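Sequential numbering of the sequence shown, starting at 722, is according to this note's numbering. Yeah, the Cβ is synthetic: ideal placement off N, Cα and C, and Gly gets one too. Since the model is a prediction, treat every value here as computed from it, not as a measurement.
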Amino acid sequence: MIRSSAFTLNTALVLLSGTVAHAWTCNFTSGVDYSTTSGSTVKATSQQGCCDACGLDPICLVGVFQAAQNVCFLKGGLIKPKPGKSGIVACIARSPPPPAPEFDCATPEANCAGRLGATHWNPCYFINGSAPSLIDGAQSVARMGSKVIKVAMFSPESNYPFNSPKWPPAGFPTLLSMAQHPYYRELWAMPQFTTYVLIAYSTVGGTSGGDISYWRNGITETQIAEETAQLQACAEFLLKTYGIPLKKTFVFENWEGDWASRGATPKSPASLLARTSMRQWLGARQAGVTAARIAANVSPAAEPGTGNVLYSAEVNLVESSLEKNVSNMINTVIPFVKLDMVSYSSYDTQATSTSFRRALAYIMSMHNRTLASPPGSRAYFVAEYGVAQNDVSNGTAVGTIQNVVNEALDFGVSYVLFWEMYDNECTGGVGCTAGRCHDKNHPVTDPTLLHGFWLVRPDGSKSWPYTYLKGKIDEASGKP
């Protein structure tokens, strides 16, 4: 994931002389500020102007007006009042939406153990030092009772560095060669898992994956053909060797496509060339997975639990397209490529149940389905959600996670994947480089040097999200 600053420009609304055609009604409170999980900034010359700005922005719950600077902070998501400086006024435009009701995992059709999972990717530490890093994290996901796991299948020597001497020094020449490595074979054979979501990349961009966004500046016919060939070879191997015999499902996808397409300018929409090339790239990858199904005689209407391979495109900027018609992957790429599934890295809407559910519905409306797309809302899944638990209040963590889990399960998505089993973001110390952990000899085990994107901490203790998710999974199995 990429995290942006607290305030980003979500609206182009500028109020002239502090007035608009239709005034909004707010409750005004002097000297009160609000913390928030999402927001933006606009100009305003009066508290009523700030109120109107908040009221006209469907994301905003409260505007905080600072008269000295003629500025209005629009705040949404999870908000909490706090003492403010003299001269500020809170303009409360609407009440926060109610939390999502608890989804009942005890019903037979809920299948929460097969839907609630976690990502294991680029961990900063390990728990079981006798197991390769890839397997160590997978064991932790399995102990939670989950039957679905998300892992990376590119640059594994960097993404899973600890206790893993068998990674080849020269890297991998193809995606298939990665899938056939003993560490990955051990993962595929684990009986606890029925579904694997794979952040998988061919080697068209370089050995072991190389430049995973090479297509951003254009893609050639030769590269398109090689993408299709590598995805087919890998998907066919997994399907024939593990999928059909062991009744497992493998879902190939990309990492957050909006950030990948924007490259070095994440605050600006992707170029037309990048979006056009992404359509071709996604189409080539989907073609490879489709060809693998055909080669293995898997029906497009195959039922879950019979062995399958699917392809999904992951989006991560949905709210700005839904609310402001900003050109993002969801509205300028997804409708133009037939895809089995669409996945959502949901940080832009995860804070409130209503915004999150509207985003899921919008994704569904943009999807260009294949014959093999799972029916209805099963063609979608939450690829990432979570919070930096060392950086936010417990209330924010609890509210966010409950919102996503319960709304997503009720909406009917196939999987809800927590970010992540072990934290992948460090703030300093030996082994931390540019905020990530790739040094095989120096895990970062000091929790104060980590952001807290974890289910299991470095000392093996469980976080609240782990307890919550395990509780839902145990509810599904009838455990007390």
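Problem set entry | Nearest-angstrom Cα separation, counted from S761 out to S1042 | 16 Å
Exercise. For G798, which three-state DSSP category applies?
Worked result: coil
Problem set entry | Start-to-end residues for the alpha helix (DSSP H) that takes in G1120 | 1115-1132
Problem set entry | Extent of the continuous alpha helix (DSSP H) to which I933 belongs | It is not in any alpha helix (DSSP H) - I933 carries neither H nor E in the DSSP assignment.
Exercise. Would N884 pass as a contact of P853 if the rule is Cβ separation under 7 Å?
Worked result: yes
For this session: Output the boundary residues of the alpha helix (DSSP H) element that contains N1160.
Result: Looking at the sequence provided, one finds Asp at residue 1160 rather than Asn. Looking at the DSSP string, D1160 is not in any alpha helix (DSSP H), and its letter there is neither H nor E.
For this session: Kindly indicate if chain D contains any beta-carbon less than 7 Å away from that of L994.
Result: The structure shown has no chain D; it contains just one protein chain.
Exercise. Per DSSP, which one or two residues make a beta bridge with H841?
Worked result: V872
Exercise. Taking the alpha-carbon positions, what's the E1128 to G838 distance?
Worked result: 15 Å
For this session: Could you check what DSSP says for N880 in three-state terms: helix, strand or coil?
Result: helix
Exercise. Given N748, which residues of its chain have a CB within under 7 Å of its CB, disregarding the five upstream and five downstream residues?
Worked result: I813
Exercise. Helix or strand or just coil, what does DSSP make of S851?
Worked result: coil
Exercise. Three-state secondary structure (DSSP) at D1069?
Worked result: coil
For this session: For the alpha helix (DSSP H) containing A910, list its first residue and its last residue.
Result: 903-910
For this session: Check whether the Cβ atoms of Q953 and A1013 lie closer than 7 Å to each other.
Result: yes
For this session: Just the C-alpha distance for Y935 and H841, rounded to the nearest angstrom, thanks.
Result: 25 Å
Problem set entry | V1151 burial status per 10 Å Cβ neighbour count (16 or more: buried) | exposed
Exercise. Mapping DSSP to helix, strand and coil, what is M865?
Worked result: coil
For this session: For P1056, collect the residues of the same chain with a Cβ closer than 6 Å to its Cβ; drop the 5 residues on either side in sequence, then sort them by chain order.
Result: M1087, N1089
Exercise. In terms of residue numbering, what span does the beta strand (DSSP E) encompassing K764 cover?
Worked result: 759-764
Exercise. Does the region 851-871 come close enough to the region 925-934 to have 3 or more Cβ pairs within less than 8 Å?
Worked result: no
Exercise. From S759, G805, I809, L777, pick the residue whose C-alpha is nearest to that of Q768; which is it?
Worked result: I809
Problem set entry | Buried or exposed (CB count within 10 angstroms, at least 16 for buried), I780 | buried
Exercise. For S756, which residues does DSSP report across the bridge?
Worked result: K801
Exercise. Between the region 1093-1106 and the region 1117-1125, are three or more C-beta pairs nearer than 8 Å?
Worked result: yes
Problem set entry | Every unbroken beta strand (DSSP E) inside the region 1071-1107 [3 residues or more] | 1101-1105
For this session: Given a cut-off of 7 Å, decide if G1149 and L1170 are closer than it, judged by their beta-carbon atoms.
Result: yes
Problem set entry | Integer-rounded CB distance, given that T970 should sit under 8 Å from P1025 | 7 Å
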